[in-house]
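Trainee: Okay, so the sequence shown: first residue is 52 according to the numbering used here, each after it adds one. Backbone N, C-alpha and C define an ideal beta-carbon position, used for all residues, glycine too. Everything numeric in this text was worked out from a predicted model, so none of it was measured. Dropping a structure here in structure tokens format, bear with me for questions.
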Amino acid sequence: MQIKLARPDRALVLIFFNVATSGYLLYHLVSEHPIHVPPGGLSVLFETASFLSVFLMFIGATLVKVTLAARSTLLLALFALQVGNLLDAANLFFPSASPDYWVVGDALTFSGEVLLAFVVFQFVRHTNRLANLDPLTRLFNRSYHMRRLAEFLKSGGQGNSGVAVIAIDLDHFKHINDVYGHGFGDQVLIDIAQAISVFQNKVDLISRTGGEEFEVIARGLDEPAALRLAEAIREQIAALQFEQGPKVSASLGVALSHANEALSSLRQRADAAAYQAKQTGRNRVQLAT
């Protein structure tokens, strides 16, 4: 989640529009109807506090931008709530006013509450999604990956093919970081993530599981199909072009789950196969034993 200040000119326009609209409604009520102060100060305090609190929230929403929130919907919701509170108060402070004020006020208040609930729902949904993503590559992160893989293994994959795990380990990545800098290294990771994402419609899950390590999960593949997929991923990575720096490659290990195999065992076999691919020349695919 990112929070930053909005453009002052736009914020001032929105605040001015709010104040002008509220001021016009108040002027219209005061000029046409006598003010009635109800006995006891509690109702007056409540109505005033409701109006001012929503107005202050509106000002805050105009001055601050939260990237996870639908800001335009939030502003509309707060404005509807504010005007709704103002018109609801007309029934209390201006009893001679038309009952239409009360009806419209309730309608606006209800609409504002519905819109505000929608904004909160969207905010929570986006927050939960971001909690499952790697902030650099925007692929799924390790914790989400482990949960989903456990679910796949528990369900037994698809058909009789089980679950295929493809471990991807970039070659010489430490050298890239040391020689060309971590900024370039980060860009390499981002570009590789985008290259792997080309296959997202053919697999079940693509994640960044470590510094220069990625993992792909695919169900319903037999051994030849899993190897073909891994080879296609390897070629996609090897085909990347960078303005500076060397060619980038990866060593891949492919493991297909056995009956009732534990998650740790399956991933360990895939990692071991990727390590063997590194030891036998790099930039190749190795099937786990």
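(1) According to DSSP, simplified to helix, strand and coil, what is L256?
(2) In terms of residue numbering, what span does the alpha helix (DSSP H) encompassing G234 cover?
(3) Output the distance between the C-alpha atoms of I86 and L181, rounded to the nearest integer angstrom.
(4) Do A339 and A324 count as a contact pair if the criterion is CB distance below 8 Å?
(5) So, helix, strand or coil for L221, using DSSP?
(6) Quick check: A131 and L184, are their CB atoms within less than 8 Å of each other?
(7) Which value, in whole angstroms, describes the spacing of the CA atoms of V230 and K116?
(8) For the region 309 to 322 against the region 232 to 244, do three or more pairs of beta-carbon atoms, one drawn from each stretch, fall closer than 8 Å, so that the two count as touching?
(9) Can you tell me which of F203, H309, E286 puts its alpha carbon nearest to the alpha carbon of K298?
(10) Straight-line CA distance for F68 to R176?
(11) How many angstroms separate the CA atom of V249 from the CA atom of T124?
(12) Can you tell me whether D139 is buried or exposed? The criterion is at least 16 other CB atoms within 10 Å of its CB, across all chains shown.
(13) Grab the span of the beta strand (DSSP E) containing E266 for me, first residue to last.
(14) Write down every uninterrupted run of the alpha helix (DSSP H) in the region 82 to 117 whose length is 4 residues or greater and which is fully enclosed by it, in chain order.
(15) Which residue or residues does DSSP assign as beta-bridge partners of Q404?
(16) Which of helix, strand or coil does DSSP assign to L190?
(17) To the nearest whole angstrom, what separates the beta carbons of V300 and A289, a pair I think is in contact under 8 Å?
(18) Sorted by chain position, which residues of the same chain lie with C-beta nearer than 7 Å to N228's C-beta, five sequence neighbours on each side aside?
(19) Helix, strand or coil: which one does DSSP assign to A215?
Mentor: This is what the structure holds:
(1) strand
(2) 233 to 247
(3) 51 Å
(4) yes
(5) strand
(6) no
(7) 38 Å
(8) no
(9) E286
(10) 31 Å
(11) 33 Å
(12) buried
(13) 264 to 270
(14) 93 to 114
(15) In the structure as shown, the chain starts at 52 and stops at 340, and residue 404 therefore has no counterpart that could be examined.
(16) coil
(17) Looking at the sequence provided, one finds Ser at residue 300 rather than Val. That belief holds up - the Cβ atoms of S300 and A289 are roughly 5 Å apart, short of 8 Å.
(18) G236
(19) strand
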